[in-house]
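Shown next, in structure tokens, is the structure this report addresses.
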Amino acid sequence: MSADTAVEPVESGAAGQSAASRLFAGGANAGHAAHLAAYGRMPRRAPGGSLAQELEASGLTGRGGAGFSAWRKFAAVDLSRRPNRYARRTGAPVLVANGAEGEPLSFKDATLLHNAPHLVIDGLLAAAEALGAGSMFIYAGAARLEPVAAALAERADARGIALLEAPDTFVAGQASAVVNFLETGRALPRDLAGRLAESGFKGRPTLVHNVETWAHIALVARYGAGWFRAEGTAEDPGTRLVSVTGDVPSEVVLEVPGGAGLGDVLASAGVGLDAVSAVLVGGYHGCWVRPPGMVLSTGAPSGGAPSAGWVRPGAGVLHVLGVGRCGLEATARMVDYLAGESARQCGPCMFGLPALAEVMKRLATGAGAPDLVREVERLSALVSGRGACHHPDGTVQLIHSALETFADDVRWHLAGQCLAQADGAGQ
Numbered sequence: 001m002s003a004d005t006a007v008e009p010v011e012s013g014a015a016g017q018s019a020a021s022r023l024f025a026g027g028a029n030a031g032h033a034a035h036l037a038a039y040g041r042m043p044r045r046a047p048g049g050s051l052a053q054e055l056e057a058s059g060l061t062g063r064g065g066a067g068f069s070a071w072r073k074f075a076a077v078d079l080s081r082r083p084n085r086y087a088r089r090t091g092a093p094v095l096v097a098n099g100a101e102g103e104p105l106s107f108k109d110a111t112l113l114h115n116a117p118h119l120v121i122d123g124l125l126a127a128a129e130a131l132g133a134g135s136m137f138i139y140a141g142a143a144r145l146e147p148v149a150a151a152l153a154e155r156a157d158a159r160g161i162a163l164l165e166a167p168d169t170f171v172a173g174q175a176s177a178v179v180n181f182l183e184t185g186r187a188l189p190r191d192l193a194g195r196l197a198e199s200g201f202k203g204r205p206t207l208v209h210n211v212e213t214w215a216h217i218a219l220v221a222r223y224g225a226g227w228f229r230a231e232g233t234a235e236d237p238g239t240r241l242v243s244v245t246g247d248v249p250s251e252v253v254l255e256v257p258g259g260a261g262l263g264d265v266l267a268s269a270g271v272g273l274d275a276v277s278a279v280l281v282g283g284y285h286g287c288w289v290r291p292p293g294m295v296l297s298t299g300a301p302s303g304g305a306p307s308a309g310w311v312r313p314g315a316g317v318l319h320v321l322g323v324g325r326c327g328l329e330a331t332a333r334m335v336d337y338l339a340g341e342s343a344r345q346c347g348p349c350m351f352g353l354p355a356l357a358e359v360m361k362r363l364a365t366g367a368g369a370p371d372l373v374r375e376v377e378r379l380s381a382l383v384s385g386r387g388a389c390h391h392p393d394g395t396v397q398l399i400h401s402a403l404e405t406f407a408d409d410v411r412w413h414l415a416g417q418c419l420a421q422a423d424g425a426g427q
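For what it's worth, my numbering labels the leading residue of the sequence shown as 1, then goes sequentially.
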């Protein structure tokens, strides 16, 4: 997977018209001159609510996985920085652009940082001006930081932005783990009870966004909410990046409008639906789906399996499982990886996830024990909602989607056979 070449627009599944790339308008590996030629200079804004109002009107949601409303996080930090009778001001806000991208199937953030680092920088600077931020960080792996360092060297206005090398682990990109790393050098999630907007880095209001979210914030700050909503749907406005991986002609990053049809996106990547068994949408904490009729949208219900033909894009991963591949085997490998990548700070991660991985491995190998699914459900109930972070919940979501999407395969595996492999052998 190369960040140098994987820059392409995609045909809109919602409108059926070609959508010009917004995030890569400056071209591949854009320097500051090419960036300014494509986008122009950032407008000056008075400190206060103007950017927050544009973000609220835009409907921009986070592009890192959770899909949380960007303006709500912005407004929470803005409120926390203002002294009131209940709390004293604890310091100027901290802004963090998170490009850790610990998701193994994703390379969209690496592609963005390689080709359009100046958009990420612009987003940070626009928010810093509006919020009166005192510190700004870009947090990413060493290879991802190289083009960012080159971009910062071109700009006198960005000297206040510090670079921080992220560890190469799955949980290192979790927002509270990012703040923990800033403070202690250990990229482990904090307890879910704390709110970073109120008390993040050294007790200061802290705004953590995925690097793609910051790039979209830069575009909203430049062109406004109406421009942003010109792509996508009312429920899911704008565009987003997706990493298309797996059984595909070539792995690629595409920019797609909100509400795009999954089949249309796959077609743009050169993937025919007749060659697809299922697609993992959202990465290792995502959901397996059958692509026909499925739409990608943050307007879909959260916290569970896809509903009514909608699936949330999560971390922007579309991992294609070809016909003749076993979905249970693929899921078992992922769960085993997730069990090894936990923070090991609580019982669900230390004991529950390894136990789930072992049972899924037995199911995938066709052990033929009729009580395996019941055991998966029992263990899932023990870990769901009880972890110190969302890692156990995301793992359980992946498992449940596999049991539902590959229900026929489950029945064959419980009988000691693999339907997918049998079908593939007969072709």
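All residues carry an ideal CB built from backbone N, CA and C; glycine is no exception.
Going by Cα to Cα distance, which pick from the options is closest to residue i?
i	options	result
S80	S50, F228, A315 and G200	G200
G173	Y139, A156 and A149	Y139
E212	L273, L60 and L131	L60
L428	T169, G324, G299 and V248	The requested residue 428 does not occur in the structure, where the chain is confined to residues 1 to 427.
F137	H285, H209, C287 and D393	H209
A218	R411, I399, R41 and E404	R41
G340	V244, H391 and V248	H391
A128	G160, H114 and L113	G160
P249	G259, T233, V271 and G232	V271
A352	M360, E375, T331 and L382	Note that residue 352 is Gly in the sequence shown here, rather than Ala. Of M360, E375, T331 and L382, the residue nearest in Cα terms is L382.
E198	V179, A28 and G27	V179
L95	A156, G102, L164 and A153	L164
A332	Q345, S401, R312 and D274	S401
G67	G258, A278, L105 and G226	G258
Could you pull the DSSP bridge partners for residue i from this structure?
i	result
R240	V256
V96	F137 and V208
A166	None, per the DSSP bridge assignment.
A278	L321
W288	L280
I161	M136
When the Cα atoms are used, what is the spatial distance from residue i to residue j?
i	j	result
I430	C326	It is not possible to answer for residue 430, since the shown part of the chain is limited to 1 through 427.
A76	V276	43 Å
S268	T239	15 Å
P9	V256	Residue confidence for P9 is low, a pLDDT of 40 falling below 50, so the modelled location carries little weight and cannot support an answer.
P167	A100	8 Å
R190	L207	15 Å
G299	E235	5 Å
P147	A37	19 Å
L182	D336	29 Å
H319	D247	8 Å
R85	G91	Confidence in R85 is poor, its pLDDT being 43 and thus under 50, which makes the residue's placement too unreliable to answer from.
G232	A415	45 Å
A162	G134	12 Å
G48	L124	Residue placement at G48 is flagged as unreliable, the pLDDT there being 48, under the threshold of 50; a coordinate-derived value is accordingly withheld.
V295	V289	11 Å
M360	V376	7 Å
N29	N98	20 Å
L356	A34	50 Å
R195	C349	22 Å
DSSP three-state call for residue i: helix, strand or coil?
i	result
S18	Because S18 sits at a pLDDT of 36, beneath the cut-off of 50, its placement in the model cannot be relied upon, and the following sentence gives the value as read from the coordinates. The answer is strand: DSSP assigns S18 an E or B state.
V271	coil
C349	helix
G246	strand
L372	helix
G261	strand
T298	coil
T61	strand
G102	coil
G232	strand
S69	strand
A3	Because the pLDDT of A3 is 47, which lies under 50, any placement of that residue in the model is unreliable, and the question is left without a value.
T365	coil
G203	helix
Using the Cβ count rule (16 or more neighbours within 10 Å means buried), how would you classify residue i?
i	result
E329	buried
M334	buried
G141	buried
G366	buried
G316	buried
D264	buried
K108	buried
P93	buried
P43	exposed
K202	exposed
T245	buried
G387	buried
Q397	buried
R22	buried
G394	buried
A193	The pLDDT assigned to A193 is 46, lower than 50, so where the model puts this residue is not dependable; a value taken from the coordinates is nonetheless given after this. Classification for A193: exposed.
S243	buried
Say whether chain D places a C-beta atom closer than 9 Å to the C-beta of residue i.
i	result
H209	Given the protein chain composition of this structure (a single chain), no chain D is represented.
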